Every structure is written in structure tokens, then in C-alpha cells.
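Colleague: This is the structure I want to talk about, given as C-alpha cells.
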Amino acid sequence: MTGRRRAATGGVDLGVTAAGIRFPNPVLVASGTFGYGLDYTGIFDPGRLGGIIVKGTTLAPRAGNPAPRLCETPAGLLNAVGLENPGVEAVIAHHLPALAPLGLPVLVNIAGENEAEYEKLAERLTGQPGVRALEVNLSCPNVRKGGMAFGTDPAAVERLTRRLRKRTNLPLFVKLSPNVTDVVEIARAAEAGGADGLSLVNTLLGMAIEVETGRPALGNVTGGLSGPAIRPVAVRMVYQVAQAVKVPILGSGGISTSSDALEFLMAGASLVAVGTALFADPLSPLKIIAGLEEFCRDRGIRRVDRLTGVALPGRGGVAEACRG
Amino acid sequence: MAAVIREAAALGPGLRAVWLEAPEAAQAAVPGQFVMVEGGPRRITRRPFSVSGIDREQGLIRLLVRVVGPASAWVGGLSPGQPVGLHGPLGRGFTLPPAGACAWVVGGGVGTAPLLFLAAELRRAGGAVWAALGGRTADEVVGADELKRSGAGVAVATEDGSAGERGLVTTLVERRLAGGGPPPATVYACGPRGMLVAVARRALEAGLRCQVSVEERMACGVGACAGCTWPDGRLAPDLALRRLASSREAPGEGGGGGPLRVCRDGPCFEVVRA
Ligand SMILES: Cc1cc2nc3c(=O)[nH]c(=O)nc-3n(C[C@H](O)[C@H](O)[C@H](O)COP(=O)(O)OP(=O)(O)OC[C@H]3O[C@@H](n4cnc5c(N)ncnc54)[C@H](O)[C@@H]3O)c2cc1C
Ligand SMILES: Cc1cc2nc3c(=O)[nH]c(=O)nc-3n(C[C@H](O)[C@H](O)[C@H](O)COP(=O)(O)O)c2cc1C
Ligand code: FES
Chain P
68 MTGRRRAATG GVDLGVTAAG IRFPNPVLVA SGTFGYGLDY TGIFDPGRLG GIIVKGTTLA
128 PRAGNPAPRL CETPAGLLNA VGLENPGVEA VIAHHLPALA PLGLPVLVNI AGENEAEYEK
188 LAERLTGQPG VRALEVNLSC PNVRKGGMAF GTDPAAVERL TRRLRKRTNL PLFVKLSPNV
248 TDVVEIARAA EAGGADGLSL VNTLLGMAIE VETGRPALGN VTGGLSGPAI RPVAVRMVYQ
308 VAQAVKVPIL GSGGISTSSD ALEFLMAGAS LVAVGTALFA DPLSPLKIIA GLEEFCRDRG
368 IRRVDRLTGV ALPGRGGVAE ACRG
Chain F
106 MAAVIREAAA LGPGLRAVWL EAPEAAQAAV PGQFVMVEGG PRRITRRPFS VSGIDREQGL
166 IRLLVRVVGP ASAWVGGLSP GQPVGLHGPL GRGFTLPPAG ACAWVVGGGV GTAPLLFLAA
226 ELRRAGGAVW AALGGRTADE VVGADELKRS GAGVAVATED GSAGERGLVT TLVERRLAGG
286 GPPPATVYAC GPRGMLVAVA RRALEAGLRC QVSVEERMAC GVGACAGCTW PDGRLAPDLA
346 LRRLASSREA PGEGGGGGPL RVCRDGPCFE VVRA
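In order, the protein sequences belong to chains P and F.
The numbering of the first sequence is our numbering, which starts it at 68 and goes up by one.
The numbering of the second sequence is our numbering, which starts it at 106 and goes up by one.
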């Protein structure tokens with residue numbers, strides 16, 4: 068109750084600065100679940116988000132994988148969209164200008180089939196109005212070339228990050244795959260290559276079989292698993308990586324409630340992205356933002372960024388965040 | 106964003122009619138549009154259900170729910186007073202012909218759901234409606250009584266002959282075409298994909314316009330996730346889908362080859378020869 072009383076006098080600062088970018092709050096929407104930012108406008112004002120990570124964008128347009136692309140599983144969702152997108156030129160010409168009036172940090176998720184394609188994407192997006200950072204997708208499980216093939220080899224991750232670093236002054240968030248034995252090794256490689264931040268995790272490779280027909284449930288056979296089912300894996304990876312790198316972490320993987328988001332922040336993330344939870348309730352990002360504010364207010368935590376990493380070894384838990 | 110159940114009733118085995126209090130959706134919905142409905146406390150995605158009827162005065166929309174799995178069982182099992190998460194109406198509905206024009210509606214199973222709303226609007230505008238309804242068994246045929254009450258002509262076919270004549274709904278359409286009566290302005294169809302292909306082929310061969318409502322698995326329902334895309338934009342190798350501009354307008358351009366998102370570009374499309 069004392070916390071609630073304190074709230075009346077001083078508000079909670081939800082703002083977070085990471086990789087040199089000021090985010091109005093730490094709750095973003097995950098790439099591939101929020102299109103190019105305006106599809107949900109009839110349902111809520113996207114201007115209330117902390118930022119928008121747009122759909123994985125490639126140099127040329129891509130039609131993506133055959134249907135069906137979705138399959139709901141216990142506490143999860145398998146998707147095999149296959150990076151359907153209109154290509155970077157259409158994104159620059161139509162989608163980014165439409166997003167600009169929101170005034171929010173926009174991160175463009177980029178995916179190439181080889182290093183040269185990633186470089187061209189980075190160059191093309193540099194200086195485009197509204198683009199505040201690139202999220203480098205080294206972890207898409209649904210395409211044959213590029214994507215996860217890069218993200219599972221530390222030497223390739225470091226080399227590509229270093230090459231991109233030379234091509235753009237935009238902050239680079241390298242998005243890591245959970246489909247590796249040692250995520251820390253990959254995270255260190257990205258940091259060594261010059262990443263300004265790390266996004267983790269992308270989806271876990273999975274599949275389902277429709278037993279009535281005896282056929283794979285997805286047109287692409289395998290797909291990426293997202294949603295609550297992967298959350299403990301993602302929290303564990305954020306917790307491990309946070310101890311090994313200095314750059315900020317953007318955590319994602321099954322975040323549906325403010326309590327889920329808090330787990331990621333406490334494990335060491337500065338920002339979180341909400342993806343699959345939008346499909347159960349499109350208002351979930353707003354509810355998560357409200358829940359974070361309430362959590363801080365009730366405990367007299369003045370700034371949400373005080374919570375980052377409080378669960379890490381040697382740190383003081385929630386009590387630490389309450390002190391400052 | 107949440108609607109409260111006003112009324113729920115069984116229409117037959119495994120088929121439920123659910124009326125929801127959703128005043129904005131009831132005002133805005135046009136035939137062929139759908140809503141995304143929460144599928145239960147632990148479901149990961151909301152599920153698409155067509156608006157099968159509206160009561161604008163009372164602000165109600167009706168869903169017809171065929172129970173096929175956990176989400177449809179949950180939606181069908183909701184009882185009056187219960188709130189349910191929902192967004193919509195979504196997607197592009199059917200294009201209506203000029204007031205008073207004659208139309209045919211061809212429904213397979215619960216695919217008849219959007220056609221009931223469509224037929225009601227067509228009848229309200231003074232148009233003549235003929236309906237061909239099909240299913241594997243009598244239990245699968247949806248909406249025959251409601252259509253008859255609205256003054257539509259109704260023909261029924263079932264695969265096992267338990268209602269109407271034995272056979273496929275396509276046979277009913279073929280016979281009607283051969284009968285030489287006044288041709289409809291448009292043939293509207295919703296049901297299994299094989300049925301849509303057969304009906305569209307017959308309609309196009311006869312020089313008639315054909316609009317279909319197609320199904321694909323969905324996650325967002327608003328065009329954001331690309332989960333519902335048909336990458337080739339085709340109903341069949343010889344049949345392309347074309348976006349409809351919006352209700353009450355001429356058919357839009359585009360489609361016919363490129364990727365189409367069923368939720369946003371459809372679910373209702375005009376069928377054209379590829
Ligand atoms: C535009 C549109 C309108 C629809 N209108 C109606 C309607 O008016 N009445 C009605 O009873 N049904 C309708 N459906 C189908 C309905 O959405 C599915 O039956 C329901 O999602 C099945 O969920 P379940 O958990 O009960 O079954 P599940 O066990 O999940 O699946 C049973 C079958 O439902 C389909 N399905 C599964 N997941 C999805 C998904 N995310 N989106 C769409 N389909 C899925 C698949 O074909 C699957 O084989 C419509 C579908 C679409 C795309
Ligand atoms: C339908 C869908 C499409 C996705 N597309 C992309 C993509 O284009 N690029 C990418 O980096 N991640 C993509 N992802 C992964 C998400 O951005 C996110 O990292 C992952 O789903 C885990 O978070 P969640 O459980 O909250 O969804 C996609 C996920 C889903 C469900
Ligand atoms: S269901 Fe998400 S784009 Fe259609």
C-alpha cells in the first residue's frame with residue numbers, strides 16, 4: 068500500500084535507452100507478427116508501443132512458403148511463413164513512410180541469402196527516415212539459404228557482423244537462433260563483430276504431423292516454434308548471454324503477460340518483444356506495458372530499467388531495483 | 106474487443122448458433138466478413154468465424170459454429186452472459202449485385218454460414234435468391250430452413266442421400282444451369298475447396314460471375330503475420346483469385362497470380378481464368 072501511495076506523488080519512468088536509442092517503454096512488437104506496423108491500427112494505436120520491429124525484409128520480393136503455414140501446438144505456434152515480404156524497395160517506398168508519423172523507434176529486420184545481400188540491405192536502409200536500427204536476422208528456420216545457416220556458426224556471425232558494421236552507422240541488433248548448443252559462444256561472436264545489441268530468441272525448429280492423413284501439418288514440413296512453450300528456453304538463454312556480453316539484450320520468446328516480460332528484464336534484457344501473444348489477444352502489448360508500470364509503482368521502483376538483470380548472479384533481486 | 110454472449114443454441118449435432126453483443130461489429134459488418142474469436146483460455150490464436158447474421162437494432166452478430174476441435178468446441182459451448190475476446194469484422198466481403206438482381210448461393214457444410222447473411226441482405230434489397238446446399242449427411246446441411254423462410258428457393262444434396270437428393274451440390278448447380286431459367290448476376294460459393302473449384306468452373310463456363318469465400322489457417326486475421334497467404338493466389342491451376350474492391354463496388358484490380366493474404370485480401374474473392 069505504501070507503494071501505491073508513493074505512486075500518487077511520482078510516476079514510473081518506463082523509458083529505456085539501449086544502443087543509443089531512446090525507447091518510450093521497453094515493450095516492442097516482434098518481427099513477423101506485426102507486419103509493417105499498421106495492420107493492427109483498427110484495434111489499438113501502435114504509437115503506444117515502445118517500438119516496432121518490422122517483418123523480415125529481403126532484397127527482392129519473396130512469395131514465401133506453400134500453405135498451410137501455421138499449426139497451433141500445446142502452448143505454442145509453429146509457423147513456416149518463409150520470409151514472405153515485398154522486398155526492400157517497396158518497404159522503403161511505401162511502408163516506412165507510412166510508419167514515420169508514429170514517431171516511434173522502428174527496427175527493420177533484414178535477411179539475406181549471403182553476406183553481400185545483407186550488406187546491400189544495410190546500405191539501402193541506412194539514412195531512411197524513421198529507421199533507428201537494424202535487426203539482423205541470422206536465425207530464420209524457414210528458408211533454405213541464409214538465415215539460421217549463418218546464425219549457428221560463430222565465425223560466420225562475427226564475420227558478417229563486422230562487414231555490416233562497416234556498411235552502416237545504424238545500430239545493429241543481431242538476432243540469435245536458439246537452435247544451437249551454446250548460444251553464449253554465438254552471442255560473444257556477434258559482440259566481437261561489433262553488434263550494438265542482441266535479440267534473442269528467434270523460433271525453435273519444430274514440426275507436427277496430422278495423424279488423420281499421416282502428413283506433415285505444415286506445407287514446409289518444418290517450422291519455427293514460438294509462444295509460451297519456448298519461454299523457459301528463452302529466459303535461460305537471456306540469463307546466460309547477459310552474463311557474457313556488455314551490449315543490451317532485446318528478449319523475446321513466449322511473452323504474454325507483464326510477469327513474463329519481467330522475467331526477461333530480470334534475466335538481463337533491457338527491452339522485450341511481444342510476438343505470438345498478439346494472436347491470442349492483440350491488446351497484450353498494451354496490457355504488458357500497463358502491468359510493468361503497475362509492478363514498479365506498487366514497489367516504489369522509479370525506473371523500469373532498474374530491473375534489468377536483477378536476477379543475475381551477484382545481483383540483489385527486486386529489492387535492488389527498489390533502492391535506487 | 107470483448108463481446109458478451111446473448112444467446113447460444115444447438116442447431117443440430119455438433120452445430121451451434123451463438124449470438125454475441127458486438128454493436129460496432131453489427132453496424133460495420135458486410136456479408137462475407139469474419140471475426141477472430143478467442144478459442145479458450147489456453148489457446149494461442151484466435152479463430153476465424155464468419156458473420157452469419159446480424160441484428161443491427163440490438164447490436165448483435167451471429168456465428169454458426171461447427172465443432173471440429175478444441176477452439177470451436179469452446180466457442181460453441183459459450184453460454185449467455187459470458188464474455189469472449191474478439192476482433193472484427195475483418196477482411197473483404199462479397200460484392201453485392203445491383204439491388205433486385207438475382208443471385209445463387211452455393212454452400213457446403215458450415216460454409217453456408219456467410220451465405221445466410223448474404224442471402225438476407227440480397228432478399229432485403231429485393232433480389233431473388235436460389236440456394237444449393239450440400240453436405241456428406243443431413244446433419245451437415247446448414248441453413249435450409251432459414252433460407253426457405255426468407256423466400257429463397259432451396260435445393261439440397263447429400264453424399265449419403267439422407268437429405269435432398271444423393272450426390273454433390275455441383276450436380277444441383279449443373280442441372281439449374283441446364284434448366285435455362287434466368288441467369289443469376291453472380292454465383293456465390295463457400296465450402297470445401299474442391300467444391301469451390303467445381304462450382305467456379307461451371308459458373309465461368311456458363312459465362313457467369315463467381316465469387317468464393319476461401320479458408321486458410323490464420324493467426325492475426327489483420328494481414329500482419331503472413332500466416333494465411335496463398336503464395337500463388339490461385340484456387341486451382343486454371344483459376345486465379347482476384348481481390349474484390351469492397352462491398353457494393355466493382356471488382357478491384359490485382360490478384361490473379363501474386364501472393365494473396367486470405368484474411369486481408371479476402372476471404373471473399375472473384376474467381377477468374379488464370
Ligand atoms: C474466413 C474463415 C471463416 C470461417 N468461418 C467459420 C464459421 O462460420 N463456422 C465454423 O464453424 N468455422 C469457420 N471457420 C473454420 C474455423 O475457424 C475452424 O474450424 C476452427 O479454427 C477450428 O479450430 P479447432 O480448435 O476447433 O480445431 P483444430 O483441431 O484446431 O482444427 C480443425 C481444423 O480447423 C482448421 N484450423 C485450424 N487452425 C486454424 C486457424 N488458426 N485458422 C483457421 N482454421 C484453422 C484446420 O483446417 C484444421 O484441420 C472459418 C475459417 C475461416 C478461415
Ligand atoms: C508468424 C511469425 C513470423 C515471424 N517472422 C519473423 C521474421 O520475419 N524475422 C524474424 O527475425 N523473426 C520472425 N519471427 C520470430 C519472432 O520475431 C519472435 O522472435 C519469436 O516468435 C519468439 O517470440 P514470441 O514467442 O513472442 O512470438 C516470426 C514469428 C512468427 C510467429
Ligand atoms: S492471418 Fe495473419 S496475415 Fe492473415
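Beta carbons are placed, not taken as given, at the ideal position from N, Cα and C, and that holds for glycine.
Since the structure is predicted, the reported quantities are computational estimates derived from the model, not experimental observations.
I want to verify the contact list: residues of chain F whose CB lies under 8 Å from the CB of Arg136 of chain P, in sequence order.
Modeller: Neighbours of Arg136 of chain P on chain F, chain order: Arg322, Ala331, Gly332, Cys333, Thr334.
Colleague: Buried or exposed: where does Thr280 of chain P fall if 16 or more other Cβ atoms within 10 Å of its Cβ makes it buried?
Modeller: It counts as exposed.
Colleague: Would you kindly work out how many angstroms separate the C-alpha atoms of Gln187 of chain F and Val142 of chain F, rounded to a whole number?
Modeller: Each residue's alpha carbon lies about 13 Å from the other.
Colleague: Which of the residues in the region 148-163 of chain P, read from start to end, lie with their CB under 7 Å from any CB of chain F?
Modeller: Within the region 148-163 of chain P, the qualifying residues are Val148, Glu151.
Colleague: Gly114 of chain P and Leu163 of chain P - do their beta-carbons sit closer together than 7 Å?
Modeller: Cβ atoms of Leu163 of chain P and Gly114 of chain P: not closer than 7 Å.
Colleague: Tell me whether the beta-carbon of Pro172 of chain P lies closer than 7 Å to the beta-carbon of Ile88 of chain P.
Modeller: Going by C-beta atoms, Pro172 of chain P is nearer than 7 Å to Ile88 of chain P.
Colleague: Would you say Asp365 of chain P lies against chain F (beta-carbon separation less than 7 Å)?
Modeller: Closer than 7 Å: no.
Colleague: Name the chain P residues that come within less than 8 Å of Gly371 of chain F, Cβ to Cβ?
Modeller: Neighbours of Gly371 of chain F on chain P: none; closest Cβ ~13 Å, over 8 Å.
Colleague: Please confirm whether Phe199 of chain F and Gly239 of chain F have their CB atoms less than 7 Å apart.
Modeller: No; because the gap between Cβ atoms is not below 7 Å, this pair is not in contact.
Colleague: For the structure I just gave you, are there three or more beta carbon pairs, one from the region 340-347 of chain P and one from the region 280-289 of chain P, closer than 8 Å?
Modeller: Result no; under three Cβ-Cβ pairs closer than 8 Å.
Colleague: Would you call the CB atoms of Ala237 of chain F and Leu252 of chain F closer than 7 Å?
Modeller: Their beta carbons are not under 7 Å apart, which means Ala237 of chain F does not touch Leu252 of chain F by this criterion.
Colleague: With three or more beta-carbon pairs closer than 8 Å as the criterion, would you say the region 132-144 of chain P touches the region 184-199 of chain P?
Modeller: No contact exists between the region 132-144 of chain P and the region 184-199 of chain P.
Colleague: Less than 8 Å between the CB atoms is what I'm expecting for Ser177 of chain F and Ala218 of chain F, so what's the real figure, rounded?
Modeller: Contact flag wrong, Cβ pair sits at about 12 Å.
Colleague: Using the Cβ count rule (16 or more neighbours within 10 Å means buried), how would you classify Glu358 of chain F?
Modeller: Caution applies to Glu358 of chain F, whose pLDDT of 38 falls short of 50 and renders its modelled position unreliable; the value that the coordinates give is listed next. So Glu358 of chain F counts as exposed.
Colleague: Who are the near neighbours of Ala130 of chain F in its chain, counting only those whose CB is closer than 7 Å to its CB and skipping five residues on each side?
Modeller: If we look at Ala130 of chain F and ignore the five residues flanking it on each side, its Cβ neighbours are Val140, Ile166, Gly193, Pro194.
Colleague: Within 10 Å of its beta-carbon, does Arg366 of chain F have 16 or more other beta-carbons around it, so buried, or fewer, so exposed?
Modeller: Label assigned to Arg366 of chain F: buried.
Colleague: With which residues is Leu168 of chain F paired in a DSSP beta bridge?
Modeller: Its beta-bridge partners are F:Val123.
Colleague: Tell me whether the beta-carbon of Arg129 of chain P lies closer than 7 Å to the beta-carbon of Glu182 of chain P.
Modeller: It is not a contact, given that the beta carbons lie outside the stated cut-off.
Colleague: Where do the ends of the alpha helix (DSSP H) carrying Met106 of chain F lie?
Modeller: That residue, Met106 of chain F, is in no alpha helix (DSSP H); it is neither H nor E in DSSP.
Colleague: Give me the Cβ distance between Pro202 of chain F and Ala290 of chain F, rounded to the nearest whole Å; I'm assuming they're in contact under 8 Å.
Modeller: Going by Cβ atoms, the distance from Pro202 of chain F to Ala290 of chain F rounds to 4 Å, so yes, they are a contact pair.
Colleague: So the beta strand (DSSP E) Arg298 of chain P belongs to, where does it begin and stop?
Modeller: Note, Arg298 of chain P: premise wrong, no beta strand (DSSP E); alpha helix (DSSP H) at 298-309.
Colleague: So, helix, strand or coil for Gly318 of chain P, using DSSP?
Modeller: Of the three classes helix, strand and coil, the one that applies to Gly318 of chain P here is strand, per DSSP.
Colleague: Using 7 Å as the limit for Cβ to Cβ distance, is Cys368 of chain F near chain P?
Modeller: Chain P contact via Cβ: absent.
Colleague: Between P:Leu145, P:Leu329, P:Val96, which lies nearest to Leu374 of chain P when the distance is taken from Cα to Cα?
Modeller: Closest by alpha carbon: P:Leu329.
Colleague: Indicate whether the contact test is met: 3 or more Cβ pairs, each with one atom in the region 113-123 of chain F and one in the region 355-375 of chain P, closer than 8 Å.
Modeller: Output reads no: the region 355-375 of chain P does not touch the region 113-123 of chain F.
Colleague: Taking the alpha-carbon of Gly216 of chain F as reference, which of F:Arg148, F:Glu162, F:Gly328, F:Arg241 has the nearest alpha-carbon?
Modeller: For the residues F:Arg148, F:Glu162, F:Gly328, F:Arg241, the minimum Cα distance to Gly216 of chain F belongs to F:Arg241.
Colleague: Does the beta carbon of Gly190 of chain F sit closer than 7 Å to a beta carbon anywhere in chain P?
Modeller: Answer yes: the Cβ-Cβ gap between Gly190 of chain F and chain P drops below 7 Å somewhere.
Colleague: Alpha carbon to alpha carbon, how far is Gly326 of chain F from Pro352 of chain P?
Modeller: Distance between the alpha carbons of Gly326 of chain F and Pro352 of chain P is about 17 Å.
Colleague: Does any heavy atom of ligand 1 sit closer than 6 Å to the C-beta of Thr150 of chain F?
Modeller: Yes - ligand 1 has a heavy atom lying nearer than 6 Å to the Cβ of Thr150 of chain F.
Colleague: Can you determine whether any heavy atom of ligand 1 sits closer than 6 Å to the C-beta of Phe139 of chain F, and answer yes or no?
Modeller: Yes, since a heavy atom of ligand 1 falls inside the 6 Å radius drawn around the Cβ of Phe139 of chain F.
Colleague: At a Cβ threshold of 7 Å, is Ala355 of chain F touching chain P?
Modeller: With a pLDDT of only 36 at Ala355 of chain F, under the threshold of 50, the placement of this residue in the model should not be trusted; the figure read from the coordinates follows. So no, Ala355 of chain F is outside the interface.
Colleague: Using a threshold of 7 Å, state whether the C-beta atoms of Pro336 of chain F and Pro364 of chain F are closer than that.
Modeller: Yes, these two residues count as a Cβ contact at 7 Å.
Colleague: Is Gly328 of chain F near ligand 4, in the sense that its beta carbon is under 6 Å from a heavy atom of that ligand?
Modeller: You won't find ligand 4 in this model; what it holds is ligand 1, ligand 2 and ligand 3.
Colleague: Name, going along the chain, the residues of the region 302-326 of chain F whose beta-carbon falls closer than 8 Å to a beta-carbon of chain P.
Modeller: Listed in sequence order: Glu321, Arg322, Met323, Ala324, Cys325.
Colleague: What are the boundary residues of the alpha helix (DSSP H) that includes Cys389 of chain P?
Modeller: Run containing Cys389 of chain P: 384-390, per the alpha helix (DSSP H) assignment.
Colleague: Exposed or buried, what is Ile149 of chain F when buried is set at 16 or more other beta-carbons lying within 10 Å of its beta-carbon?
Modeller: That one is buried.
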